[in-house]
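Below: one structure, written as C-alpha cells.
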Amino acid sequence: MEIGVSISPKTELIEELKDIDEEFDFVEMPIGEQERPIEEIEVQKVRKVLDEKWFDLIVHLPFGQPVVTQVADFNEAEISYLERILEFSERLEARKAVLHPNIRYREDKDKVKEPFRSQLEKLNKISENKGIELCVEN
385 MEIGVSISPK
395 TELIEELKDI
405 DEEFDFVEMP
415 IGEQERPIEE
425 IEVQKVRKVL
435 DEKWFDLIVH
445 LPFGQPVVTQ
455 VADFNEAEIS
465 YLERILEFSE
475 RLEARKAVLH
485 PNIRYREDKD
495 KVKEPFRSQL
505 EKLNKISENK
515 GIELCVEN
C-alpha cells in the first residue's frame with residue numbers, strides 16, 4: 385500500500401514540498417488555471433525536492449473544467465488544454481494524473497454519453513503515450 389499527501393494550490397510550492405514528512409510515498413499536486421498554473425511551476429526545483437525525498441508525483445488535473453459539453457469545439461479545446469497539462473506533467477515525471485470527469489449540463493447526460501466516452505478515451509490515450517496513468521475520480 386502507498387500513502388501520499390495532497391498539497392495546497394495556494395502555498396509556496398517548494399517550501400511545502402520540503403516540509404512534507406519523508407514517510408509518505410507520493411505527493412499529489414493540483415495543477416491548472418484555478419489550482420497552480422503550470423507557468424508558475426519550476427520543473428527542476430520541484431524535481432530536485434521530490435528526488436531528494438524519494439517522492440513519486442501524482443498530478444491532479446484542473447478540478448472545475450468540464451470534460452465534455454454539447455459543443456464539439458469546446459470539447460476539442462478541452463482535450464487540447466488537458467493535453468498541454470499532461471505534457472507538462474510528463475516533464476514533471478508524474479506517474480499518475482487524477483481527473484474529475486465533470487459534465488456541463490448534467491440534466492442532458494444522455495446527449496453527451498458518447499462524446500463523454502470519446503473524451504475519456506482520447507485523454508487516456510494521450511496519458512498512456514506520456515507514460516502517465518489516468519485515474520478518473522468521483
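Convert by adding 384 to the 1-based position in the sequence shown; the result is the number in our numbering. Note that CB positions come from ideal geometry on N, CA and C, so glycine has one too.
So the candidates are the options; which of them puts its Cα closest to the Cα of residue i?
i           : options            : result
residue 434 : 513, 417, 404      : 404
residue 398 : 424, 477, 417, 388 : 424
residue 499 : 458, 522, 469      : 458
residue 395 : 387, 413, 469      : 413
residue 442 : 415, 522, 504, 436 : 415
residue 446 : 429, 426, 421      : 421
residue 390 : 402, 411, 406      : 411
residue 478 : 518, 392, 401      : 518
residue 417 : 468, 436, 456, 432 : 468
residue 481 : 444, 406, 436, 437 : 444
Pull up the CB-CB distance for residue i and residue j, whole angstroms please, since I reckon it's below 8 Å.
i           : j           : result
residue 439 : residue 408 : 7 Å
residue 430 : residue 466 : No, residue 430 and residue 466 are not in contact; Cβ-Cβ is about 20 Å, not under 8 Å.
residue 507 : residue 476 : About 17 Å separates the two Cβ atoms, so there is no contact after all.
Can you tell me whether residue i is buried or exposed, with buried defined as 16 or more other CB within 10 angstroms of its CB?
i           : result
residue 419 : buried
residue 460 : exposed
residue 503 : buried
residue 464 : exposed
residue 387 : exposed
residue 521 : exposed
residue 456 : exposed
residue 427 : exposed
residue 462 : buried
residue 392 : exposed
Any Cβ of chain C within less than 9 Å of the Cβ of residue i?
i           : result
residue 514 : The structure shown contains no chain C; it is built from a single protein chain.
Can we say the stretch 480 to 487 touches the stretch 450 to 465, given the rule of at least three CB pairs closer than 8 Å? yes
Beta strand (DSSP E) runs wholly inside the stretch 417 to 463, at least 3 long, in chain order: List check, beta strand (DSSP E) in window: 440 to 444, 450 to 452.
Sequence ranges, beta strand (DSSP E) only - wholly within the stretch 467 to 496, length at least 3: 480 to 483
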